[in-house]
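**Student:** Quick note: the sequence shown, position 141, residue 146 per my numbering, numbers continuous. Just so it is clear, CB atoms sit at the ideal spot from N, CA and C, and this is done for glycine as well. Here the structure is a predicted model, which means the values were calculated and not measured. First the structure, then my questions, so here it is.
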Amino acid sequence: MKTEFYNLIKDIISTDEYQSMKEIKHHRYTNTYMHSIRVAYLCYLHYLKHPDKYDLNTLLRGALLHDYYLYDWHHKGNPHVRHCFVHPKRSFKNATRDYGELNKYERDMILHHMWPVTPIPPHTKYGWLIVKMDKKAAMHDYAIKMRYKKRKRKMRKLEKQNKKVIE
Ligand SMILES: [Fe+2]
Ligand SMILES: [Fe+2]
């Protein structure tokens, strides 16, 4: 299934611009490249359960390009406080420039994925789906580090215990 998924997304993710997203920090512990692919994969799994309800190509394009803003807001000079509000429009602009015209579902997914942080809710089921999958992926992104920290704490505790036994 993962090979099939990769074959579906490879044309979009293989450009230099898309690859540059690996350098853009996202949700503290990951990058926009990994995050966007995760969102697309969650959408793909949802599609497999409801293949008659969505157009897969539209779903994957919208998901892969929803955070295609291509700047690191942690760096000086880039939108910082306004990032939450600015980046959907920037992603849409970049996506249109690099991947051609977007249909109304792809547009809805990109422009309204930040709802309810941004005031305008999605207008289509594609838009509502990405709102859900984006939050789900974000929770996973943060959980990566929490799991890592927990493991590290456990290791430290074990090391201390071992030291006591040796002494
Ligand atoms: Fe976003
Ligand atoms: Fe996102």
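Could you check how far apart the C-beta atoms of leucine 75 and alanine 45 are, in whole angstroms? I think they sit under 8 Å.
**Tutor:** Sequence index remark: in the sequence shown, residue 75 carries index 70 (1-based). Sequence index remark: in the sequence shown, residue 45 carries index 40 (1-based). Contact doesn't hold; Cβ gap of about 17 Å is too wide.
**Student:** Please confirm whether lysine 30 and histidine 79 have their CB atoms less than 8 Å apart.
**Tutor:** Position 25 of the sequence shown, counted from the first residue, corresponds to residue 30. Position 74 of the sequence shown, counted from the first residue, corresponds to residue 79. Cβ distance < 8 Å, so lysine 30 and histidine 79 count as in contact.
**Student:** Taking leucine 69 as the reference, give the member of Tyr147, Tyr11, Gln166, Met160 with the closest Cα.
**Tutor:** Here residue 69 refers to the residue found at position 64 of the sequence shown. Measuring from the Cα of leucine 69, the nearest candidate turns out to be Tyr11.
**Student:** So who's on the other strand from lysine 30, going by DSSP bridges?
**Tutor:** Translated into positions along the sequence shown, residue 30 becomes position 25. Note: lysine 30 sits in a beta bridge opposite Asn36.
**Student:** With a Cβ-Cβ cutoff of 8 Å, do alanine 142 and histidine 51 count as a contact?
**Tutor:** On the sequence shown, residue 142 is found 137 positions in, with the first residue counted as 1. On the sequence shown, residue 51 is found 46 positions in, with the first residue counted as 1. No, these two residues do not count as a Cβ contact at 8 Å.
**Student:** Below 8 Å, can you find three or more Cβ-Cβ pairs linking the region 120 to 139 to the region 97 to 111?
**Tutor:** Touching, per the Cβ criterion.
**Student:** Under the rule that 16 or more other beta-carbon atoms within 10 Å means buried, what is alanine 148, buried or exposed?
**Tutor:** Mapped onto the sequence shown, residue 148 falls at position 143. It is exposed - the Cβ of alanine 148 has fewer than 16 other Cβ atoms within 10 Å.
**Student:** Measure the CB-CB distance between glycine 67 and isoleucine 135 and report whether it falls below 8 Å.
**Tutor:** Looking up residue 67 in the sequence shown gives position 62. Looking up residue 135 in the sequence shown gives position 130. Cβ atoms of glycine 67 and isoleucine 135: closer than 8 Å.
**Student:** Quick one: does the C-beta of valine 136 sit closer than 7 Å to a heavy atom of ligand 2?
**Tutor:** Here residue 136 refers to the residue found at position 131 when the sequence shown is read from its first residue. For ligand 2, not one heavy atom lies less than 7 Å from the Cβ of valine 136.
**Student:** Please report the straight-line C-alpha distance between histidine 32 and leucine 116, rounded to a whole angstrom.
**Tutor:** As a first step, residue 32 must be located in the sequence shown, where it is residue number 27. As a first step, residue 116 must be located in the sequence shown, where it is residue number 111. Near 19 Å, if we compare the C-alpha coordinates of leucine 116 and histidine 32.
**Student:** Less than 8 Å separating the beta-carbons of methionine 138 and leucine 61?
**Tutor:** Here residue 138 refers to the residue found at position 133 when the sequence shown is read from its first residue. Here residue 61 refers to the residue found at position 56 when the sequence shown is read from its first residue. No, Cβ-Cβ distance for methionine 138 and leucine 61 is not below 8 Å.
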